[in-house]
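Student: The structure's right below; bear with me while I get my questions together.
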Amino acid sequence: MLLAVVAAWLTVQQALAGSTYRDDPRNARALPDPDDRRRGPIVTADGVVVAEDVDRTRVYPEGETYFHAVG
């Protein structure tokens with residue numbers, strides 16, 4: 874019973890007060906937004922570029938050849 878009450882209370886807190894906690898200036902983010910980080914190219918040992926960033930999007934010049942291997 875106590876577990877159900879705690880779960881209900883936490884759900885209400887997230888639903889009603891979540892934006893207040895998120896927008897509070899004292900709640901600083903430890904890490905920057907991942908979209909703000911620039912990723913460099915992924916190059917094989919023989920110098921072939923298998924992945925690079927173009928306008929914050931990962932592009933695979935070799936097509937699907939290295940797609941699963943480099944992520």
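Its first residue numbered 874, the sequence shown is counted upward by one per residue in my numbering.
Think of the CB as a built atom: it goes at the ideal place given N, C-alpha and C, for glycine as much as any other residue.
DSSP state of Asp896, grouped into three classes?
Tutor: Three-state result, Asp896: helix.
Student: Contact check, Val923 vs Thr930 under 8 Å by CB: the rounded distance?
Tutor: Not confirmed; about 15 Å, so no contact.
Student: Taking 7 Å as the threshold (C-beta atoms), are Arg912 and Asp926 in contact?
Tutor: Yes, these two residues count as a Cβ contact at 7 Å.
Student: Please list the terminal residues of the continuous beta strand (DSSP E) segment that includes Glu925.
Tutor: Element bounds for Glu925: 922-927.
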